[in-house]
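In what follows, a structure is listed as structure tokens, so that the remarks can point back to it.
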Amino acid sequence: MPAPATLVTGIGQLVTNDPARPDLLGLVTDAALLVRDGTVLWSGPAAELVTDPAGVGSDIGETIDLGGAAVIPGFVDSHTHLVFGGDRAAEFEARMSGQAYSAGGIRSTVRATRAASDDELAARLDAFVAELHAQGTTTFELKSGYGLTVDDEARLLALAARVTDETTFLGAHVVPPEFADDPEGYVDLVTGPMLDACAPNARWIDVFCETGAFTVEQSRRILEAGAARGLGVRLHASQLGPGDGIALAVELDAASVDHCTYLTDADVAALADSDTVATLLPGVEFSTRQPYPDARRLIDAGVTVALASDCNPGSSFTSSMAFCIAVAVRDMGMTPAEAVWAATAGGAAALRRTDVGHLAAGARADFVALRVPGYVHLAYRPGVPLVDSVWRAGSRVA
7 MPAPATLVTG IGQLVTNDPA RPDLLGLVTD AALLVRDGTV LWSGPAAELV
57 TDPAGVGSDI GETIDLGGAA VIPGFVDSHT HLVFGGDRAA EFEARMSGQA
107 YSAGGIRSTV RATRAASDDE LAARLDAFVA ELHAQGTTTF ELKSGYGLTV
157 DDEARLLALA ARVTDETTFL GAHVVPPEFA DDPEGYVDLV TGPMLDACAP
207 NARWIDVFCE TGAFTVEQSR RILEAGAARG LGVRLHASQL GPGDGIALAV
257 ELDAASVDHC TYLTDADVAA LADSDTVATL LPGVEFSTRQ PYPDARRLID
307 AGVTVALASD CNPGSSFTSS MAFCIAVAVR DMGMTPAEAV WAATAGGAAA
357 LRRTDVGHLA AGARADFVAL RVPGYVHLAY RPGVPLVDSV WRAGSRVA
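Positions in the sequence shown are counted from 1; adding 6 to them yields the numbering used here.
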């Protein structure tokens, strides 16, 4: 016999992201949700409950009254680097004083991470997960990339797999110092013993395809090796300047190509004609003072756009998706509706997930109640803690 349903009512404005509804966000006012076993049975106007739209009859157990709050799907943060040791506040201060950002700073985090114990890394990771939940993030991707030895990359992915199913092997973050004179030898290591050790705890493979990191040719070799092991493809590209990384991502049917700060017309056309999501990371440009990516150009061309935090100690040490929404609206040409969609349904598309990022029937019951009357306040009131409660698979996590 199925468990009783839970009725969530008192929703002043509900963002469903249901494509069956007429507007982008599938907005419903004076709304309700019916949830059972962690899954949305039905969402819609509370007035329709009298018709028993989900067929639950009187089989309702708990009722949760949100008192008129706005409710959105849980944020889907499709790009994070949360397993690391150390701190790069001094680098940030130097950058704010005029020093340019480069990929080389990653190596300082590699040193600190290698020196940290599993217990130290796990405790810090658990604190970050609690931080994500408190800010409304219910699904997140998590990359390795700060170990860069076989044993260190494997342990980072084992730690990551404790807290998320969306784990990414990023052994190709930068070439470590011990391979400075032999980058091809490091690619051999990444595509051989390191991949063997990391694949069991990874869903995805990623490469930092950029000047100072890995060439397009090296990136292709690494990504194809991961795909041959059954891993999905992701790619960092066009963060520091234009290049051929976006074309490579589209060619390899990558789920997502991330950064996309420097775009050519050919890049935009290729993305528009593909299933590859352009994941934009506004926290990076905020922290590095680089130009913001042109979200308007991508959206107008028909490209699917996601927003993610890229939470990492060097270039974007924020875990706040609300902050990313506010910056995207202010500086990247997105409307509030487009930014909220990109931080929820867009992130789900970047992970090729259909069970999260929306609140239509069949979705996992991940939702966030806000202390404001509508989703626009996420951009309208930047920096203000607007999250009242967070639910993941129907259970409250914050």
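Each residue gets a CB set at the ideal place from its N, CA and C atoms; glycine is no exception.
For residue i, the three-state DSSP class (helix, strand or coil)
i, result
"Y262", "In the sequence as presented, Tyr is not what sits at residue 262; that position holds Ser. Three-state DSSP puts S262 in a strand."
"E99", "helix"
"V193", "helix"
"E126", "helix"
"N207", "helix"
"T57", "helix"
"D212", "strand"
"F292", "helix"
"A231", "helix"
"P183", "helix"
"L254", "helix"
"H242", "strand"
"L163", "helix"
"G44", "coil"
"A301", "helix"
"R168", "coil"
"G352", "helix"
"S114", "helix"
"R94", "coil"
"R336", "helix"
Residue(s) in a DSSP beta bridge with residue i
i, result
"R377", "In DSSP, R377 forms no bridge with anything."
"G198", "For G198, which the question treats as bridged, DSSP gives no partner whatsoever."
"Q19", "T35, A76"
"I70", "V14"
"S49", "L39"
"S84", "DSSP output for S84 lists no bridge partner at all."
"V362", "None, per the DSSP bridge assignment."
"S395", "A375"
"C317", "T86"
"V222", "For V222, which the question treats as bridged, DSSP gives no partner whatsoever."
"E147", "E172"
"A312", "T285"
Whole-angstrom C-beta distance between residue j and residue i, which should lie under 8 angstroms
i, j, result
"Q141", "V335", "Actually they do not touch by this definition, with Cβ atoms about 17 angstroms apart."
"M338", "P288", "6 angstroms"
"L286", "A301", "6 angstroms"
"R113", "P183", "6 angstroms"
"G91", "G320", "Not quite, the Cβ-Cβ distance comes to about 13 angstroms (not below 8 angstroms), so this is no contact."
"V213", "H242", "7 angstroms"
"L384", "A332", "7 angstroms"
"D83", "S315", "5 angstroms"
"L163", "T155", "Actually they are not in contact, since the Cβ atoms of L163 and T155 sit about 13 angstroms apart, beyond 8 angstroms."
"E147", "T86", "6 angstroms"
Residue environment, residue i, which counts as buried when at least 16 other CB atoms sit within 10 Å
i, result
"R117", "exposed"
"R370", "buried"
"Q245", "buried"
"E216", "buried"
"A136", "exposed"
"P206", "exposed"
"E344", "buried"
"E291", "buried"
"T267", "buried"
"R161", "buried"
"S123", "exposed"
"T57", "exposed"
"Q105", "exposed"
"P342", "buried"
"P297", "exposed"
"R240", "buried"
"S326", "buried"
"G352", "buried"
"A355", "buried"
"P8", "exposed"
Residues of its chain near residue i, where Cβ-Cβ distance is below 8 angstroms and the 5 sequence neighbours each way are ignored
i, result
"V274", "R303, L304, A307, V309"
"D171", "R209"
"A60", "A11, L40, L47, W48, A367"
"A76", "I17, G18, Q19, L20, V21, A375, L376, V378, P379, G380, Y381, H383"
"T119", "V89, F90, G91, G92, L127, Y152, G153, D158, L162"
Contacts around residue i, its chain only, beta-carbon distance under 6 angstroms, and the 5 residues preceding and following it disregarded
i, result
"E159", "S150, G153, G177, M200, C204"
"T360", "none"
"V256", "A276, S280, T282"
"G400", "V41, G44, A371"
"G32", "T22, N23, D24"
"A128", "L165"
"V396", "H139, G142, V374, V403, A404"
"M340", "A301, A334"
"D264", "H85, H242, T285"
"I252", "A243, S244, V263, D273"
9 angstroms Cβ cutoff, residue i in contact with chain B
i, result
"A371", "Among the chains in the structure shown there is no chain B, since it carries only a single protein chain."
Cβ-based neighbour list, residue i, same chain, cut-off 7 angstroms, excluding 5 preceding and 5 following
i, result
"A52", "T15, D36, A37, A38"
"A121", "G91"
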